[in-house]
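Here the structure is laid out as structure tokens; the discussion comes afterwards.
There are 2 protein chains.
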Amino acid sequence: MKVLIVEDDPLHRSYLHEAVNAALPECDTVIEAENGTAGEKLARDHKSAHIVMDLQMANRNGIEAARTIWKERPETRILFWSNYSDEAYVRGVSRIVPDGAAYGYVLKSASDERLKLALRSIFIESQCVIDREVRGLQQKSLGQTNGFTDSEYEILVDIALGLTDRAIAKRRGLSLRSVQNRLQQLYDKLDVYQSAGDDHEDGRFNLRARAVTVAFLRKLLNYSALERAEAELQEWLEGK
Amino acid sequence: MKVLIVEDDPLHRSYLHEAVNAALPECDTVIEAENGTAGEKLARDHKSAHIVMDLQMANRNGIEAARTIWKERPETRILFWSNYSDEAYVRGVSRIVPDGAAYGYVLKSASDERLKLALRSIFIESQCVIDREVRGLQQKSLGQTNGFTDSEYEILVDIALGLTDRAIAKRRGLSLRSVQNRLQQLYDKLDVYQSAGDDHEDGRFNLRARAVTVAFLRKLLNYSALERAEAELQEWLEGK
DNA sequence: CAACAAGCTGCGGGTTTACGCAAGACGGCG
DNA sequence: CGCCGTCTTGCGTAAACCCGCAGCTTGTTG
């Protein structure tokens with residue numbers, strides 16, 4: 003059995019290497035990549051079936067790398083190992099995992115034990131292992147109970163990118179008014195009003211900009227999500 | 003000699019610990035904190051004069067911790083050790099370093115050698131050591147050649163927070179029109195127009211929101227900068 | 001001192017946002 | 001089928017935003 007590690011921090015890389023060796027005696031080769039691009043290439047060359055992937059990497063982040071890898075070989079097992087449990091990451095990952103694929107999401111702050119257990123469960127037993135803390139988010143974000151609908155998230159991203167209402171309408175195939183409806187919905191859920199209305203009429207917020215900020219502070223959005231969205235936007239702009 | 007390490011990742015913490023031991027034989031005690039708050043407390047209790055500080059930490063980030071530490075004892079020597087060379091961090095640090103203080107800024111990607119050298123230079127020789135890559139940013143950001151003026155940066159932060167023009171005017175003691183002037187300046191520098199005007203009138207951007215995004219993508223802003231700014235804003239709001 | 005650049009300010013007006021109101025469209029459900 | 005909730009759309013309006021124009025205050029320079 004062969005395991006591919008994709009992680010840009012050398013310290014974490016060697017830590018992972020050791021953990022894999024310790025947890026998986028049946029693993030005879032470990033190869034390493036230090037960014038997403040290299041990871042994709044190695045995965046392709048070696049037809050890797052077992053991958054441990056960092057999410058936040060400079061060159062090309064884990065989500066994008068995983069997406070192309072899964073596109074080529076959907077049965078690949080990937081353990082995401084990340085510092086953060088931002089909703090943006092969680093949403094990003096669950097958006098790209100193929101049906102029935104075995105994968106995992108473990109936080110870097112988890113114990114050795116937990117990591118090793120996850121390695122075995124995913125790579126050997128083909129189970130899905132999602133860190134408890136992350137799991138909570140996933141429920142919330144996918145179930146529409148407390149969290150955000152896809153359409154709300156979508157429009158959040160759109161204004162975060164800086165599109166006008168009209169541009170959003172065109173992009174999403176809606177009328178101007180519908181876009182604005184969704185915006186209102188979003189503002190509502192993000193609680194942009196309370197801080198806005200406050201008391202006097204001086205301290206008012208620009209709802210649109212404020213919504214983005216609040217989303218950021220709540221980790222609904224993060225750098226990598228923005229980056230991805232921006233890339234998609236550019237693509238769309240070219241496709242006219 | 004005593005050294006305090008403030009770093010939330012255990013791996014990096016122990017790596018630093020070893021590096022300090024190797025580079026500074028005159029150091030007899032190393033103490034560790036795993037977030038900014040604990041770091042401040044330890045620094046106070048031990049009257050630490052030599053600190054290695056991570057910038058990005060969950061609880062309370064390095065910049066804030068450093069600020070309060072320096073406020074109490076400005077001659078403290080601090081080596082910032084960070085993953086990133088975002089302009090937002092660089093600006094944040096150079097904004098708080100006291101006159102004549104010895105400090106350093108080294109990237110985590112630097113070699114062992116470089117780190118050890120920096121440790122000795124700062125703690126023993128009282129020199130300032132700033133990583134080359136970071137240095138470049140610093141020049142650009144403080145010198146007004148290519149980068150952004152303080153007032154431009156300020157207004158960038160303000161719209162990122164989601165303030166209205168009027169609110170900004172009030173906060174900064176300017177007229178409405180002046181605020182808008184600065185905004186134009188900002189839009190100009192951020193190149194928000196080209197992508198906006200493009201060609202047809204469909205793909206237009208909302209300048210204000212777009213500016214924030216572009217700043218984010220260019221790492222002029224980042225999460226921690228936003229977080230800090232938000233805290234300051236709240237403070238201001240309460241002070242009326 | 002005159003000349004000039006840089007920043008602040010008010011005025012005016014075109015565009016975009018935010019949103020109430022109300023009329024359809026679509027899908028369950030008794 | 002009729003009732004109801006959710007989603008979409010158009011109309012209209014008040015506010016906010018973007019910005020050209022022009023007058024003022026500074027600080028700098030020859």
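Going line by line, the protein sequences match chains A and B. Position in the first sequence (first residue = 1) + 2 = my numbering. Position in the second sequence (first residue = 1) + 2 = my numbering. Every residue gets a Cβ at the ideal spot worked out from N, C-alpha and C, and that includes glycine.
Locate the beta strand (DSSP E) running through residue i, then write down its first and last residues.
| i | result |
| --- | --- |
| alanine 35/B | 31 to 35 |
| glycine 241/A | Element bounds for glycine 241/A: n/a, residue is neither H nor E. |
| valine 5/B | 4 to 8 |
| valine 108/A | 105 to 109 |
Which first and last residues belong to the alpha helix (DSSP H) in which residue i is found?
| i | result |
| --- | --- |
| phenylalanine 207/A | Looking at the DSSP string, phenylalanine 207/A is not in any alpha helix (DSSP H), and its letter there is neither H nor E. |
| glutamate 28/A | Premise fails: glutamate 28/A is in no alpha helix (DSSP H) and is neither H nor E. |
Do residue j and residue i come within 7 angstroms of each other at the CB atom, strictly closer than that value?
| i | j | result |
| --- | --- | --- |
| alanine 162/B | valine 214/B | yes |
| glutamate 42/B | serine 87/B | no |
| tyrosine 105/A | valine 99/A | yes |
| tyrosine 17/B | leucine 13/A | yes |
| valine 22/B | valine 8/B | no |
| leucine 158/A | leucine 188/A | yes |
| serine 210/B | alanine 211/A | The residue asked about is misnamed: residue 210/B is arginine in this sequence, not serine. It is a contact, given that the beta carbons lie within the stated cut-off. |
| methionine 55/A | asparagine 37/A | no |
| aspartate 164/B | phenylalanine 150/A | What sits at residue 164/B in the sequence shown is glycine, not aspartate. No, these two residues do not count as a Cβ contact at 7 angstroms. |
| serine 226/A | asparagine 63/A | yes |
| lysine 118/A | alanine 25/A | yes |
| aspartate 167/A | leucine 178/A | yes |
| arginine 15/B | glutamate 34/B | yes |
| leucine 44/A | leucine 6/A | yes |
| leucine 222/B | glutamate 89/B | yes |
| leucine 185/A | valine 216/A | no |
| glycine 102/A | isoleucine 65/A | no |
Next on the checklist: Three Cβ pairs or more, each shorter than 8 angstroms: is that satisfied between the region 117 to 136 of chain A and the region 70 to 89 of chain A?
Outcome noted: Yes: the two stretches touch, three or more of their Cβ pairs being nearer than 8 angstroms.
Complete alpha helix (DSSP H) runs within the region 120 to 187 of chain B (minimum length 4 residues, chain order):
Runs of the alpha helix (DSSP H) inside the region 120 to 187 of chain B: 134 to 144, 152 to 163 and 167 to 174.
Taking only runs of the alpha helix (DSSP H) that begin and end inside the region 43 to 92 of chain A, which ones reach a length of at least 4 residues, in chain order? Assignment of alpha helix (DSSP H) within the region 43 to 92 of chain A, counting only whole runs of 4 or more residues, yields 64 to 74 in chain order.
Worksheet item: What residues in the region 205 to 236 of chain B have a beta carbon less than 8 angstroms from any beta carbon of chain A?
Response: Listed in sequence order: Gly205, Arg206, Phe207, Asn208, Leu209, Arg210, Ala211, Arg212, Ala213, Val214, Thr215, Val216, Phe218, Leu219, Asn224, Tyr225, Leu228, Glu229 and Glu232.
Quiz item: Mind listing which residues of the region 94 to 113 of chain B have their C-beta closer than 9 angstroms to chain A's C-betas, in chain order?
Solution: Listed in sequence order: Lys110 and Ser111.
Residues of the region 20 to 39 of chain B whose Cβ lies closer than 9 angstroms to any Cβ of chain A, in chain order
Cβ contacts with chain A come from no residue of the region 20 to 39 of chain B.
When Cβ atoms are compared, which residues of the region 60 to 89 of chain B fall closer than 7 angstroms to chain A? Taking 7 angstroms as the Cβ-Cβ cut-off, the region 60 to 89 of chain B has no residue approaching chain A.
request  = Check each residue of the region 173 to 186 of chain B: if its Cβ is closer than 7 angstroms to any Cβ of chain A, include it; give the result in chain order.
outcome  = Residues of the region 173 to 186 of chain B with a C-beta less than 7 angstroms from any C-beta of chain A: none at all.
Check your understanding: Which residues, taken in chain order from the region 119 to 133 of chain B, show a beta carbon closer than 7 angstroms to some beta carbon of chain A?
Key -> Result list empty, no residue passes.
>> So if I threshold CB-CB distances at 9 angstroms, which residues from the region 152 to 170 of chain A count as touching chain B?
In response: Answer in chain order: Ile161, Ala162, Leu163, Gly164, Leu165, Thr166, Asp167, Arg168 and Ala169.
Using a Cβ-Cβ cut-off of less than 8 angstroms, list which residues of the region 5 to 21 of chain B approach chain A; keep chain order. Those residues of the region 5 to 21 of chain B placed with their C-beta closer than 8 angstroms to a C-beta in chain A are Asp11, Leu13, His14 and Tyr17, ordered along the chain.
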